[in-house]
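**Q**
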Amino acid sequence: MAFASQKNLLRIFLLITLLTGALPAMAESQFPLYPIIQANVGFWEKIYGTYTTRQGILHDKENLDIIYAIVNLVDWNTPGAAKINKQLVKIARQRYKNILSTLASGAPPASRDEKRISALFKKYKHPSFHRARDNIRLQIGQKDRFLQGVIRSGAYLPAIKRILRAKGLPLELAYLPHVESSFNPRAYSKVAAAGLWQFTRSTGRQYLTINNVIDERLDVYLATRAAADFLKENYRQLGSWPLALTAYNYGRAGMVRAQQQLGSYENIFTSHNSKLFRFASRNFYSEFLAALRVARKLEKDPTIIRDRPWASTSLRLKGFAKASALRKYFGVSPQDFSHLNPALRPPVLKGKKYVPKGYLLRLPATKSIRKKISHLPASLFHRSQVRTIFHKVRRGDTVSSIARKYHISQKELTRINHLNRKSAIRSGQKLRIPAHGNKRISRHAKSIHTLKATAKRKP
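Written as C-alpha cells, this is what we have:
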C-alpha cells in the first residue's frame, strides 16, 4: 500500500515538473550558456532585438558589454547613404579614440564622457586603455532585418524541423539560418557563400551539386539535408554542440586542432589564437544562442504574421526539358516556377540550358497539375543537354576581344566565368561561352571546344 502511494506521488511529481519545466531541458544541456559568454549573448540579443539597421553600435571587440555609443545613421536607401554613414561613424570613432588616449595617459577622467567611459572598465582588474583604443568596433543593428527573417522563417521551419528530427538532431539547429542568412534562401555573402545555410562552393560540393545549370545550395530542402549532415559530422568529431556550431563557421579541421590543444569550449573561446579564429568565429555560438532566444520570443507575438509554407507537389524529370515548356504545360507563372525551384540557375530559367534529367521539379499542389503529371507528353523531354561551348584562350586574346568575337558583352563573359576586373586570362585557359553566343560560332573555329554539360546528382 505504501509502495503504491510512493509510486503515485512520483508520478504526480514527474507530471508537475514536466508541466512547469522544472526538469532541466535537454536543449539547455546541449546548448549551454556558459558564464564566460553571457555578456556576448546579451550583446547579440540587443543587436537582433533592440537596435535597427539605422543604428551603429561602437563597442569594444573583446569585451562586448562595453558599448561606447549608438550612432544614428541615415536611411541606407538614401542617395549617398553609405558615404554619409561612413563619415558619421568615423567622427564618432575618433571621438572615443581620443577619450581612451586621454585615459591611457593616466590623467584622471574630467569630462562627463571620460567618466562614463572610465566607469565601463571598472569591473576589469587591469584595463588597458591603449589596447581598447585600437579595439573599437562597429556593429550595425539588425532588429528590422531579423524581424523580416522571422516572418520568412514561417515558410521553412516546419520542413527544416522535420529533416532535423529525421536525422536525430536537436530542433534548435533550425534557428541557425537566422544567423547565416536571415532565412533568405537566395542570400549571397561577400565570400560567395549562398543560400539559407550559406555554404561556400568548396564545402557545398561535398554534399550538393553546384554547376552552371543548378546550384543546390539555393534549394532550402536539399541544403538543409546537407547542413544537417555537415553539423552531424561536426558533432561526431567534436562531441559538443557549442564546438560543432563554432566549426560550422570556423571549419571542422581547425576546431578539432583547437580542441586537441585546449580541450573545452570555454578554453577555446578565451585562449585560442589563430589568423582565422577572429571575431566572427569566436562569437558564432553566442550569436546562435541570442538568435534562438530573440526568434522564439518574436514567434510568440500574435501581431507578427509569419509566412506559410507553399503547398507543392514534385516530379522527377525523366529527361531534359526546357523551363518555358514546363511552365506552359503546367500553367505556372515564371515567378512561381522560380520560387519553387530556386536551385535552377539563370541559364536554365532563360532557356539557354535545359532543366536537367533527374531533377526533382516542384510545382504548385493543385488538382489540375497533379492530373497533368500523370499524363506527361513525350514531346516535353529531350535526350541530351544543350551543349556548352568553351573558348580556348590564345596568345593576344583579351576579355573584350573574345566577347566581340561571339557578340556578347564583357560583363556576361566575366560573370559566367567567375572573373572580375582584376582577373587576368592566360593562354590555354578555357572560357565558357554563353548559349546565345553559340549560335554565331563558326563550326571551323580552331579555338572552340564543344563539351556536353552533365548535371550529376549525388545521393
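Here the working numbering runs 79 ahead of the position in the sequence shown, where the first position is 1. Ideal Cβ positions, reconstructed from N, Cα and C, are used throughout, including at glycine.
What is the DSSP secondary structure of Leu287, counted as helix, strand or coil?
**A** Working through the sequence shown from its first residue, we reach residue 287 at position 208. Note: Leu287 maps to coil in three-state DSSP.
**Q** Which residue from Lys509, Arg304, Leu226, Pro188 puts its Cα closest to that of Asp380?
**A** Taking the first residue of the sequence shown as position 1, residue 380 is located at position 301. By alpha-carbon distance to Asp380, the top candidate from Lys509, Arg304, Leu226, Pro188 is Leu226.
**Q** Ends of the alpha helix (DSSP H) at Ser126?
**A** In the sequence shown, residue 126 corresponds to position 47, counting from 1. With the sequence shown as reference, residue 126 is identified as Ile, and Ser is not the correct amino acid for it. Unbroken alpha helix (DSSP H) run through Ile126: 117-128.
**Q** For Ile115 and Phe348, which I take to be in contact (beta-carbon distance under 8 Å), what is that distance rounded to the nearest angstrom?
**A** On the sequence shown, residue 115 is found 36 positions in, with the first residue counted as 1. On the sequence shown, residue 348 is found 269 positions in, with the first residue counted as 1. With a Cβ gap of about 6 Å, Ile115 and Phe348 count as contacting.
**Q** For His257, which residues of its own chain have a beta-carbon under 6 Å away from its beta-carbon, when the five flanking residues on both sides are left out?
**A** The residue labelled residue 257 in the question sits at position 178 within the sequence shown. Closer than 6 Å at Cβ, skipping near neighbours: Gly228, Ala370, Ala374.
**Q** Can you list, in chain order, the residues of its chain with a C-beta nearer than 6 Å to that of Arg406? Leave out the 5 residues immediately preceding and following it.
**A** Walking along the sequence shown from the start, residue 406 turns up at place 327. Correct list, in chain order: Phe416.
**Q** Rank Asn362, Arg241, Ala332, Thr131 by C-alpha distance to the C-alpha of Asn119 and give the top, closest one.
**A** Here residue 119 refers to the residue found at position 40 when the sequence shown is read from its first residue. Comparing Cα positions, the closest option is Asn362.
**Q** Skipping 5 residues on each side, what residues in its chain have a beta carbon closer than 7 Å to that of Ser319?
**A** Working through the sequence shown from its first residue, we reach residue 319 at position 240. Taken in chain order, the residues that qualify are Tyr344.
**Q** How would you call Gly410, buried or exposed, if buried means at least 16 neighbouring beta carbons within 10 angstroms?
**A** Numbered from 1 along the sequence shown, position 331 holds the residue referred to as residue 410. Counting Cβ neighbours within 10 Å, Gly410 comes out exposed, since fewer than 16 surround it.
**Q** Taking all protein chains shown into account, do 16 or more other C-beta atoms lie within 10 angstroms of the C-beta of Asn496, making it buried, or fewer, making it exposed?
**A** As a first step, residue 496 must be located in the sequence shown, where it is residue number 417. That one is buried.
**Q** Which runs of the beta strand (DSSP E) spanning at least 3 residues fall entirely within the stretch 420-494, listed in chain order?
**A** 439-443, 467-471
**Q** Work out the CA separation of Gln134 and Asp476 for me, nearest whole Å.
**A** As a first step, residue 476 must be located in the sequence shown, where it is residue number 397. As a first step, residue 134 must be located in the sequence shown, where it is residue number 55. Rounded to whole angstroms, Asp476 to Gln134 spans 49 Å at the Cα level.
**Q** Answer yes or no: do Gln221 and Ile126 have a C-beta to C-beta separation smaller than 9 Å?
**A** Working through the sequence shown from its first residue, we reach residue 221 at position 142. Working through the sequence shown from its first residue, we reach residue 126 at position 47. Contact flag set, yes.
**Q** Using the three-state DSSP reduction, which class does Gly333 fall into: helix, strand or coil?
**A** Sequence index remark: in the sequence shown, residue 333 carries index 254 (1-based). Of the three classes helix, strand and coil, the one that applies to Gly333 here is helix, per DSSP.
**Q** Quick check on the burial criterion: 16 or more other C-beta atoms within 10 angstroms. Buried or exposed for Thr325?
**A** Working through the sequence shown from its first residue, we reach residue 325 at position 246. Residue burial annotation: Thr325 is buried, with at least 16 other C-beta atoms found within 10 angstroms of its C-beta.
**Q** Under the rule that 16 or more other beta-carbon atoms within 10 Å means buried, what is Gly274, buried or exposed?
**A** Looking up residue 274 in the sequence shown gives position 195. Looking at its Cβ environment, which holds 16 or more other Cβ atoms inside 10 Å, Gly274 is buried.
**Q** Measuring straight from C-alpha to C-alpha, what distance separates Gln489 and Ala271?
**A** For the purposes of this step, residue 489 is taken as the residue at position 410 of the sequence shown. For the purposes of this step, residue 271 is taken as the residue at position 192 of the sequence shown. Taking the straight line from one Cα to the other gives about 21 Å.
**Q** With burial defined as no fewer than 16 other Cβ atoms inside 10 Å of the residue's Cβ, what is the status of Lys432: buried or exposed?
**A** Residue mapping note: residue 432 aligns to position 353 of the sequence shown, counting from 1. That one is buried.
**Q** For Gln508, I'd like the list of residues in its chain whose CB is within less than 8 Å of its CB, leaving aside the five on either flank, ordered along the chain.
**A** As a working mapping, residue 508 is identified with position 429 in the sequence shown. Same-chain partners within the cutoff: Lys471, Val472.
**Q** Out of Ala198, Asp223, Ile196, state which residue places its alpha-carbon closest to the alpha-carbon of Tyr130.
**A** Counting from one through the sequence shown, the residue named residue 130 turns up at place 51. Among Ala198, Asp223, Ile196, the Cα nearest to that of Tyr130 is on Asp223.
**Q** Have a look at Ile289, Ile230, Val335, Asn164 and flag the residue whose alpha-carbon is nearest the alpha-carbon of Glu378.
**A** Working through the sequence shown from its first residue, we reach residue 378 at position 299. Ranking the options by Cα distance to Glu378, first place goes to Ile230.
**Q** Take Arg265 as the anchor and find which of Ser108, Arg449, Ala302 has the nearest alpha-carbon.
**A** Your numbering for residue 265 matches position 186 in the sequence shown. Distances from the alpha-carbon of Arg265 to those of Ser108, Arg449, Ala302 put Ala302 closest.
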